[in-house]
Every structure is written in C-alpha cells, then in structure tokens.
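Residue numbers (this note's numbering): -16 to 138.
Where is the CB? At the ideal position from N, CA and C, for every residue including glycine.
Nothing here was measured: the structure is a model prediction, and the numbers come from that model.
The structure appears below as structure tokens.
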Amino acid sequence: MKHPNRSQPEPVVVFGTRRELRDDEVAVRGNSMGKQESVSAQVAASPSAVFSMVTDVSRLPEWNEAITDVVEAPEHLEAGSVWKVRLHALGQTWVSKSQVSVIDSVTGRFAYRSQSDDGNPSYVDWEWQVDGDPDGSIVTLTADINPITFWRKHL
C-alpha cells in the first residue's frame, strides 16, 4: 500500500536487509504458553529514523521477506490500530492481522499482537524498543510466541 503524499524517510537498515541472524544473536527463553525470543542490534541511524521505519506499515515488505504485501493499513498508527499483511513462509500463504497495543515515539516503544486472519487463536506479541546510542540506535525486538492449537505448536 503506497502513500503518495508521504515524504521519503531517511534510509534505515534494521538488522540488515533480509539478513539471517546468527544463533548467538538470539536469546530464547521459555514461558508458559510458548517461547520468547529477543534480538538486539546497533543501527547507524537516529532513533527517530529507526522508529519511523519500524512503525511505517507500508514499508514492511521492504525489509521483511516473509511479507509479500500490505493488504490493509491505517493512515496513522495509534493504540488500537489494525493492519493486515500477506505472508508467505513454509510453502504457505496467509493473511496476518496486527493490532497496536503501544506506540510511543518518545520512549521508542512499539508493541502489537499479530495472528492469522482465519480465526486461529495462536498469536505473537511483538515489541520493538529503539534507544539512542553514540553511533545511532540500539534496536531490540522481542517476540512472545504463543501457539495455541496443536498444529501451530508443532510447526
């Protein structure tokens, strides 16, 4: 989904463009429902530029190779906003719906819940934290993965 009236943002590469993460870069912790994964990286861009990038839903397909397109997006993100993307992974294609729980450019926190748009109760809670650093920003992405159904637990 393109927004023709938007000015072009400062280029930002978050975790490298479509970059594979090494095992030592990802921390995995168990929880009662599923698992939680977290990764942090230094980014050579200002916190405001990074925050703008990760909260610009229309740009998701540029840096997330699983997202093939944005199906639906609000003009402005705020708590409660919903967007939908088409994903392709593991030989399957589906629509995922996300709803913002927190978006705060002052603290650099962006959190939302994603789940498939087919009624499956499984979900992932995502949280981005963007903090200033002398060389730009430190970005931390945490995913709290909650597979509820049998097949989602065993994928």
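Asked                                                                                                                                 : Found
Between which two residues does the beta strand (DSSP E) containing L70 stretch?                                                      : V65 to A72
I need the boundaries of the alpha helix (DSSP H) containing S35, first residue and last residue.                                     : P30 to V37
The beta strand (DSSP E) that contains E45, what's its start and end?                                                                 : That residue, E45, is in no beta strand (DSSP E); its alpha helix (DSSP H) goes L43 to W46.
On the three-state DSSP scale, how would you describe V22?                                                                            : strand
Between S41 and A56, what straight-line distance do the alpha-carbon atoms span, to the nearest angstrom?                             : 7 Å
Taking all protein chains shown into account, decide if I50 is buried (16 or more other Cβ within 10 angstroms of its Cβ) or exposed. : buried
If you run the structure through DSSP and keep just helix, strand and coil, what is V40?                                              : helix
Which of the three DSSP states is assigned to I121 in this structure?                                                                 : strand
What whole-angstrom Cβ distance do W109 and A126 have, given they're in contact under 8 Å?                                            : 6 Å
Please confirm whether S31 and S88 have their CB atoms less than 9 Å apart.                                                           : yes
Is A94 helix, strand or coil when you go by DSSP?                                                                                     : strand
Assuming D100 is part of the beta strand (DSSP E), what are its boundary residues?                                                    : It is not in any beta strand (DSSP E) - D100 carries neither H nor E in the DSSP assignment.
Could you please give the first and the last residue of the uninterrupted beta strand (DSSP E) stretch that includes V83?             : Q75 to D87
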